[in-house]
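Enquirer:
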Amino acid sequence: MTDVVLPCLNEAAALPWLLDRLPAGYRAVLADNGSTDGSAAVARRLGAVVVEVPQRGYGAAVHAGLLAADPDDGVVCVMDADGSFDPAHLPRLADPVRTGQADLVCGRRRPAGRGAWPVHARAGNAVLARRVRRDTGLPVHDIAPIRAARRADLLALDLRDRRFGYPLELLLGAARAGWRVREIDVPYHPRAAGTRSKVTGTVRGTLRAIHDMRAVLAR
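Letter by letter, the sequence shown follows residues 1 to 219 in full-length UniProt numbering.
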């Protein structure tokens, strides 16, 4: 069973479709980061493992989900819980890790609908990805919110950021550790109706994420 960590804050409207689309052999581990819309209850009802994460922040939710994931399978996926990714694509990320062809596989977002990825968010992501390529040589073009790696390897990196800087710190840590990193195209859809992005939903959210990531770069 491959666990899929879903960092979540008020994504109840997206969860029925999302959890129904999980491929056979994949199990949802919802890391609930203080939702007030019943996300945790919806996830439990649909069979997901739910972890309550009192510390706010994307990195805090992902880390708690990793700790709760089953250590026996080895490979774990991480994906946003807002319906912007189709879980049917998860084996494309997990299989190269499972077969030893890569240590980390990241999804490069390819917008599949109008408004899926606002211009201000795409521009900020491109700037950061260019910096990562320049500084590390990693072949990445996206600070990916969907990825697969081995659980033990992720925990061994000892990542410390608990906010929006976590995905960037992961890439930098993977480069330092000499990981083989692969990037594959993944369709990126508009979020489910009734949900709102904490990053791309507003210019302020995007600026907060860029601030956190710049702090990681400055370490």
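Positions of the beta carbon are idealized from the N, C-alpha and C atoms, including for glycine.
Since this is a predicted model, take the numbers as computed values, not measurements.
For Leu30, collect the residues of the same chain with a Cβ closer than 6 Å to its Cβ; drop the 5 residues on either side in sequence, then sort them by chain order.
Expert: If you number the sequence shown from 1, residue 30 lands on position 30. Correct list, in chain order: Leu6, Cys8, Ala43, Ala48, Val50.
Enquirer: Apart from the five residues just before and just after Ile143, which ones in its own chain have a Cβ nearer than 8 Å to its Cβ?
Expert: Sequence index remark: in the sequence shown, residue 143 carries index 143 (1-based). For Ile143, where only same-chain residues beyond five positions count, the Cβ hits under 8 Å are Asn125, Leu128, Ala129, Val132, Pro167, Leu168, Leu171, Met213.
Enquirer: For Glu169, which three-state DSSP category applies?
Expert: As a first step, residue 169 must be located in the sequence shown, where it is residue number 169. If DSSP states are grouped into helix, strand and coil, Glu169 belongs with the helices.
Enquirer: So the alpha helix (DSSP H) Arg133 belongs to, where does it begin and stop?
Expert: To locate residue 133, count along the sequence shown from 1; it is residue 133. From DSSP, the alpha helix (DSSP H) with Arg133 extends over 119 to 136.
Enquirer: Would DSSP call Met1 helix, strand or coil?
Expert: Taking the first residue of the sequence shown as position 1, residue 1 is located at position 1. Correct three-state label for Met1: coil.
Enquirer: For Arg163, which option in Ala152, Arg208, Ala123 has the closest C-alpha, if you only look at C-alpha atoms?
Expert: Working through the sequence shown from its first residue, we reach residue 163 at position 163. Ranked by Cα distance from Arg163, the options Ala152, Arg208, Ala123 are led by Arg208.
Enquirer: Under a three-way DSSP split, which group does Gly34 fall into?
Expert: To locate residue 34, count along the sequence shown from 1; it is residue 34. Three-state result, Gly34: coil.
Enquirer: Which residue from Arg27, Arg98, Trp117 puts its Cα closest to that of Ala69?
Expert: Taking the sequence shown and counting its residues from 1, the one referred to as residue 69 is at position 69. Shortest Cα-Cα distance from Ala69 to any of Arg27, Arg98, Trp117 involves Arg27.
Enquirer: Hey, quick one: how far does the beta strand (DSSP E) through Ala149 stretch, first residue to last?
Expert: Taking the first residue of the sequence shown as 1, we reach residue 149 at position 149. For Ala149, the enclosing beta strand (DSSP E) starts and ends at 146 to 150.
Enquirer: Identify, in the order they occur along the chain, each residue of the same chain with its Cβ nearer than 8 Å to the Cβ of Pro71, setting aside the five sequence neighbours on each side.
Expert: Translated into positions along the sequence shown, residue 71 becomes position 71. Cβ within range, chain order: Arg151, Ala152.
Enquirer: Please identify the residue among Glu11, Gly165, Ala81 whose C-alpha is closest to the C-alpha of Leu217.
Expert: Within the sequence shown, the letter at position 217 stands for residue 217. Nearest of Glu11, Gly165, Ala81 to Leu217, Cα basis: Gly165.
Enquirer: Suppose you measure from the CA of Thr2 to the CA of Ala175; what does that come to, to the nearest Å?
Expert: Numbered from 1 along the sequence shown, position 2 holds the residue referred to as residue 2. Numbered from 1 along the sequence shown, position 175 holds the residue referred to as residue 175. Rounded to whole angstroms, Thr2 to Ala175 spans 24 Å at the Cα level.
Enquirer: Let me confirm a value: Glu52 is counted as buried when at least 16 other C-beta atoms fall within 10 Å, else exposed. Which label applies?
Expert: Mapped onto the sequence shown, residue 52 falls at position 52. So Glu52 counts as exposed.
Enquirer: Would you mind sorting His211 into buried or exposed? The rule is 16 or more other CB atoms within 10 Å of its CB.
Expert: By 1-based counting over the sequence shown, the position of residue 211 is 211. It is exposed - the Cβ of His211 has fewer than 16 other Cβ atoms within 10 Å.
Enquirer: Tell me the DSSP secondary structure of Arg182 in three-state form.
Expert: Translated into positions along the sequence shown, residue 182 becomes position 182. Three-state DSSP puts Arg182 in a strand.
Enquirer: Cα separation between Pro96 and Ala102?
Expert: To locate residue 96, count along the sequence shown from 1; it is residue 96. To locate residue 102, count along the sequence shown from 1; it is residue 102. In a straight line, the C-alpha of Pro96 is about 6 Å away from that of Ala102.
Enquirer: In whole angstroms, give me the CA-to-CA distance for Ser39 and Thr99.
Expert: In the sequence shown, the residue the question calls residue 39 occupies position 39. In the sequence shown, the residue the question calls residue 99 occupies position 99. About 34 Å.
Enquirer: What residue from Leu90, Val76, Ala64, Pro190 has the CA that sits closest to Arg160's CA?
Expert: As a first step, residue 160 is located in the sequence shown; it is residue number 160 there, counting from the start. Ranking Leu90, Val76, Ala64, Pro190 by Cα distance to Arg160 puts Ala64 first.
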